[in-house]
Amino acid sequence: MSDVNAQLQAILSLMRAGQWNAAHDAVQLHEGLLAAWLHGLLHLQEGDLEDAENWYERAGQRFRQRGTLQQELARFEAALRDRAGA
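Here it is in structure tokens:
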């Protein structure tokens, strides 16, 4: 797993542990499509749909066709695994 993937996985773990502020602070240090998507997921979890949609767009993801938060987290984790295997 790349350093970036490991860092994004760590941020995801913070998010799942309810440490939203720490996860949000950490994700802001990263660039790229996966980081933008994770940033959007954080805002989705927070309930800030406007910011979530903005970050989804930056990530090239379709916000209005998204699933539940749990489905989106599963899709994100699959994308992380796919990138690690590339």
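Residue 58 in the UniProt record's numbering sits at position 58 of the sequence shown, and the numbers go up by one each step.
Where is the CB? At the ideal position from N, CA and C, for every residue including glycine.
- Between Gln28 and Ala6, the alpha-carbon positions lie close to 15 angstroms from each other.
- With a cutoff of 8 angstroms on beta-carbon distance, Leu8 and Leu41 are scored as not near each other.
- Assignment of Glu31 by DSSP, reduced to helix, strand and coil, places it in the coil class.
- In terms of CA proximity to Gly60, Gly32 leads the group Ile11, Arg83, Gly32 and Gln70.
- The three-state secondary structure of Ala59, taken from DSSP, is helix.
- Between Leu38 and Phe63 a beta carbon distance of about 14 angstroms is seen, past the 8 angstroms cut, so the two are scored as non-contacting.
- Under the three-state reduction of DSSP output, Gln45 falls in the helix class.
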